[in-house]
Amino acid sequence: MKRMLSHLERMRRSGWFDILIFLLSTACVMALLGLLGYLLEQRIIASFTPEMTEYERQAALGTLTKLSRPFLTIAAILAACVAISLIYMRFISPLLIENQARQRAMRKLRTYLQHAGAFLVSAIILFPIYWMLISAMKTSDELLQPVPTLWPVQIQWTENFKAVLNRAPFGQYFINTIISTFFIMVSQLLIGIFAAYGFSKGKSKGKDFMFIVVLGALMIPIQVTFVPIYVLISKLGWINTFQALIVPNLVSAYFIFLLRQSFMAVDDSYLEAGKVDGMGRIGAVFYVLVPMCKPTLITVSIITFINGWNSYFWPKMVTTNDARRTIAVGVNYLRRTFAGVEVANYNEIMAGAVLAVIPVIILFLLLQKYIMTGLSKAAMK
Amino acid sequence: MKKILILLLTLALLLPTCASVAQENPYQVSEPVTIEWWHALEDQYTEDIQRIVGIFMEQNPLITVVPVYVGSYAEVNSKLIAAIAAGDVPAVSAASVEYLSEYFASGIAENMEPYFTAWGVEKDDFVKGYRATATYQEDGNMYSLPFQASTQVIYYNKSIVDNENIPLPESWDQMDAYLQAATQFNPDGTTKRWGLIFAGWQPHYFQTFFTNYGVEIVKSDGLTTGIADPVSIEIVKQIKDWIDRGYCYFAYGSGASSTMRQLFWDQKAVSVVHTCSLITTYTSKIDGAFQLDIMGFPQANSKSDTLLSGNHLIIPAKATQAEKNAAFVFSNYMTSGEASLLWAEVSGYMPGRYSTMESAAADVLIQRMPAFEALFDNVDCIQPRDNSDTFNTVADEWMVALAKIFNEGAPVEATLEEAAELIEEILADQ
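Order-wise, the sequence lines are chains A and B. Residue numbers for the first sequence follow our numbering, beginning at 413 and rising by one. Residue numbers for the second sequence follow our numbering, beginning at 21 and rising by one.
Printed below as a string of structure tokens:
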């Protein structure tokens, strides 16, 4: 008993223990609800008469009774997870193992289990990407079958990609998207950095009020503002130009907010030290703040790039020909439908989507280290 | 003196003639003009668009047409609204039938009547149902040109029907015999081959089965519905009986359309209810495996009405007069004669004028695609449909109730009465 309590005490000191207790409580609540639903269901079933149709019986059973089995299933799964975790913590975690040799062996097992868990989670998260890839290699008939296939019956290695490249000038779309995304990214970063510096380190009156106005801009969706902006762009004669794609997106209120938070975490003493070394404001921003907030800036750049790359609504509004069309709009234009309702060529659309997503994947692979650092630092904050 | 007098008199005679020629057609295109045509015809129509527009430009060298694919009709609508606000409109735009009444009421579309007069276009030549959709009820003028019309049809496998001597139903009363003959069962009693599949994912596919019998989805008072009236209940019970006997099913929910099409292409259904605009898709997918044909809806109370879908061409009123003149010439070309028959052949959408359907070229098309004969013969059965938001909401509730009855075994009267109550609440709120 004493030993068990000692084990429990050591487990309790582990941060995971609280999570497990929470999961166990949730499992208990689910089990209670499931049991209640089951008892209610039995009572209702006992009141059925032979004349009742199946529909009337289903209608008589309320929501709680219908959910009793899912509740019980979830409770069982949660309880199983908790039990497995407790067993893991007791027998595999180094917290509770005193024997050194056993600790080393358990450490190996722990590594295998962690890798297996990571593999499983990755498989679930990557399944949509896998689906996109294999759909790009199927025929349209196979994709329209009621029962989906996990591997193409007749692999079209390049046919769909060739069809897409023949039908649409993807090269032009890529160039348009790269140019517009690059300039949007650079301008949002530069303006975001200076604006965030002003909002975080500035000493002007009304700074907080101005920041609230900026935050207010976050709440207005583009569907509300696109008509007046379109009117302005049209009157300037910018339809089908890079200016139409870039200028309305020069500033991002969201990134001003993010960068402000990041700059606020940098102690003023660093800036003071920079001033002592003879730096001006610009120097302080680029030689002190920016290097210290590099992961956030890189994360912001990547998000800006991805948003610009995937942007659909606005480019669709301001382009009417292939000269300035972007990749997201171009992929949509591949669509062929049945009577304008159902898509008939998912295979080609998926092939177009694969082509569209390749640069984003390359960017992620190149900057993965910074993304993970930026995200983990943001999580810690 | 005499010569001068003769000259003056001759000039005096000629002047009215010149004046009348000058006034004869104020909408003539007299100088080169480039116009944009915004449309929602997807990529599979690109070559056909280029071909048909190319023919037009050869015949009209002063007019250059730039076709612009905008997206779906909803996307065309939103972009057109923005363009009108900006004053930078295309000369011609496609418009799905559900947006027309709004365009007419808000003055977005140009009045076509003066152009008809100037160019000698007969309004009566437009198919009655399409003309009604193109007409603004307040002033009785047409503000659009019917471009591509579609309606509900029953596609059937002519090879099976001919080989097995299955009698095609001409009226609702003959449906039972048809379904019995067309359906085949497995040894375990499940259906091996469906007689008919009802398209149940959009109300207009089955609405006229009821309205032809006089059922009013929304009654003339605008506050009550007839979906729970005795006639409607009888029809629902009849369909439910066929479904329970395994002759047909009500295709409802996501994937219902593709499942239905595939069953037909695999010859596991003898007939399906669908839109005529898919005739080329059906023909290409069947690829000669069997003969495809179309029958109109079986008559009910001597009526076999179906509902109009499709799109029209509008000329935005804010375009310049030169653009509008050219736009009318182009729109008139696209909606008549040779061009509309070309569209019918490549897209399955029907021509909008009687003269087109009665022409020799139409006979040639029918020889190539016999299914069009049934469509052309029944064109006056195509009626405009109510595209208002209220009606769409009401019709959706009705569709959900029917799905519960046909697919979940819900009791007919109780479910329809419950749906009727809900619909009348919706109507009362409008």
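The C-beta atom is built at its ideal place from N, Cα and C for all residues, glycine as well. Computed from a predicted structure; not experimentally measured.
With the criterion set as a beta carbon lying under 9 Å from some beta carbon of chain A, the members of the segment 87-118 of chain B are V88, Y89, V90, G91, S92, Y93, E95, S98, K99, I101, A102, A103, A105, A106, G107, D108, P110, S116, in sequence order. The three-state secondary structure of V290 of chain B, taken from DSSP, is coil. When the beta-carbon positions are compared, Q319 of chain B and E190 of chain B come within less than 8 Å of each other. In the three-state DSSP reduction, S191 of chain B falls in the strand class (E or B). Relative to I386 of chain B, the option among B:L243, B:V117, B:I314 whose CA is nearest is B:I314. Judged by DSSP secondary structure, R747 of chain A falls outside any beta strand (DSSP E); it is assigned neither H nor E. In the structure shown, C268 of chain B adopts extended strand secondary structure according to DSSP, grouped into three states.
In the three-state DSSP reduction, I402 of chain B falls in the strand class (E or B). In this structure the segment 241-251 of chain B does not lie against the segment 185-205 of chain B, because fewer than three pairs of beta carbons, one per stretch, are closer than 8 Å.
A direct Cα-Cα distance of roughly 34 Å separates V743 of chain A from M419 of chain B. Per DSSP, the beta-bridge partners of I55 of chain B are B:V85. When C-alpha distances from R281 of chain B are compared across A:D553, A:M729, A:G628, the shortest belongs to A:D553. In the three-state scheme derived from DSSP, where H, G and I count as helix and E and B as strand, M370 of chain B is classed as strand.
I496 of chain A has its alpha-carbon roughly 16 Å from the corresponding atom of T523 of chain A.
The continuous alpha helix (DSSP H) containing K99 of chain B extends over residues 93-106. Chain-ordered, the chain B residues with CB closer than 7 Å to the CB of M729 of chain A read K99, A102. Taking 8 Å as the CB threshold, I651 of chain A lines the interface with chain B. A straight-line Cα-Cα distance of about 8 Å links N407 of chain B and V117 of chain B. A:R455 is the residue among A:L683, A:I624, A:R455, A:A487 whose C-alpha sits nearest the C-alpha of L473 of chain A. With its beta carbon at least 8 Å from every one in chain A, Q227 of chain B lies outside the interface.
Contact of K520 of chain A with chain B is not assigned, every C-beta pair being separated by 8 Å or more. The alpha carbon of A677 of chain A has as its nearest neighbour, out of A:S723, A:M704, A:M518, the alpha carbon of A:M704. Among the residues of the segment 275-294 of chain B, those with a Cβ less than 7 Å away from any Cβ of chain A are G275, S277, S278, T279, Q282, in the order of the chain. Annotation: Cβ neighbours of G429 of chain B in chain A (cutoff 7 Å, chain order): T465, E466, Y467. Measuring C-alpha to C-alpha distances from S322 of chain B to each of B:W192, B:R213, B:Q450, B:L361 identifies B:W192 as the nearest.
Out of A:K550, A:V598, A:S723, A:S681, the CA that lies nearest to the CA of E571 of chain A is found in A:K550. In this structure G604 of chain A is buried. Its beta-carbon is surrounded by 16 or more other beta-carbon atoms within 10 angstroms. Within the same chain, Cβ atoms closer than 7 Å to the Cβ of Q48 of chain B are found at N345, the five residues on either side in sequence being excluded. Under the three-state reduction of DSSP output, E754 of chain A falls in the strand class. In chain order, V432, E433, L436 place their CB closer than 8 Å to the CB of I253 of chain B, counting only its own chain and leaving out the 5 sequence neighbours on each side. For L498 of chain A, the enclosing alpha helix (DSSP H) begins and ends at 480-503. Per DSSP, F317 of chain B lies in no alpha helix (DSSP H) segment and is marked neither H nor E. By the CB criterion at 8 Å, F392 of chain B and I83 of chain B fall outside the cutoff. The segment 370-389 of chain B and the segment 87-103 of chain B do not touch, with fewer than 3 CB-CB distances between them shorter than 8 Å. Of all alpha-carbon atoms in B:K257, B:Y156, B:T303, the one lying nearest the alpha-carbon of P404 of chain B is that of B:Y156. When C-beta atoms of the segment 270-278 of chain B are compared with those of the segment 414-429 of chain B, three or more pairs fall below 8 Å, so the two segments count as touching.
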